[in-house]
Amino acid sequence: MPSARRIPSSRGEGDAAEPVSSTAIPAGAAPAPSRPALPDAASAASDPFADLDAVDLAILDELEHDGRISNTELARRVGVAESTCLKRVRALVASGAIVGFHAEVDPAARGLHLEALITIRLHAHARGDLRRFQAYLERLPATRRVYFVAGDRDFLLHVAVRDTRALRELVSDTLSLHPEVAATSTSLIFEHAPGRPR
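Per the numbering used here, the very first residue in the sequence shown carries number 25; after that it's consecutive.
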C-alpha cells in the first residue's frame, strides 16, 4: 500500500523561517548542549504539496487504503475519467506524494515471531552526524522502521526477530556496544492493529 512523505520542492519561494527565541541562561551557568535537528537535503520552508486539490486528496485516500484498486474503480470512486485518473496518479508518484506501492507482509510468515520497539539515546558527540547513524540502523537486518524523535531519546527503532535470544543479541551485542550509543530501552510488542488514518 502506498504511503505519503514530504519532500523539498523548487516550486515557488517559501516564506522565510521565523527566528526562534532562546531561553536566558543564568550568569556562570554552562548552556545545555544543543541537539541538532536531522538535516534535510534542502529547505522545505514551503509546502511542496500545496497545489494538491480535492481530486488528488481523494485519490491518495483511496490508494492509501487499497493499493491494488484498479484504475477503472479508482476513477469511479473519485468521480473523474479513467484517463484523468491515470494522469493524476502518475503525477502524484512523480511529485513524491506517493512514495511507492508495496505488500505489507506479516513478519511471522518469515519466521520473525517477536517484534519490539527500541529507543536509542546517542552520546552528545555523536549527534553531529545523525544521518550516518540513521543509515546504520536502516541497514540492520531486523529493522522494520526507523524514527528520529523528539525528547530525551534520539531514535525509535521497530524491529522483528525470531525469538528473545535474537532480540537480546541485537540489543546487548549490537546496539549497546556501538560506540555512539549512550543508552537503549526495549519494549515488546504484544499486538498491533492497522489503523485507518483520516
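A virtual CB, placed ideally from N, CA and C, is assigned to each residue, including glycine.
Per-residue DSSP class, three states only, for residue i
i, result
"residue 102", "helix"
"residue 252", "Residue 252 lies beyond the residue range present for the chain, which begins at 25 and ends at 222; the question has no answer from this structure."
"residue 182", "strand"
"residue 139", "strand"
"residue 157", "helix"
"residue 36", "Annotation note: pLDDT 44 at residue 36 (below 50); position unreliable, coordinate value reported separately. Residue state, collapsed to three classes: coil."
"residue 209", "strand"
"residue 215", "coil"
"residue 92", "coil"
Whether residue i touches residue j by CB criterion (8 Å)
i, j, result
"residue 213", "residue 181", "no"
"residue 79", "residue 117", "no"
"residue 93", "residue 113", "no"
"residue 199", "residue 140", "no"
Element boundaries [alpha helix (DSSP H), containing residue i]
i, result
"residue 166", "From DSSP, residue 166 is part of no alpha helix (DSSP H); its letter is neither H nor E."
"residue 81", "78 to 89"
Run of the beta strand (DSSP E) containing residue i, from where it starts to where it stops
i, result
"residue 191", "Careful: residue 191 lies outside any beta strand (DSSP E), inside the alpha helix (DSSP H) at 188 to 192."
Bridge partners - residue i, DSSP secondary structure assignment
i, result
"residue 144", "179 and 208"
"residue 172", "179"
At least 3 beta-carbon pairs within less than 8 Å: the stretch 153 to 161 vs the stretch 172 to 179 = yes
Please confirm if the stretch 198 to 209 is in contact with the stretch 119 to 136, defined as three or more CB-CB distances below 8 Å between the two stretches.
-> No, they do not touch.
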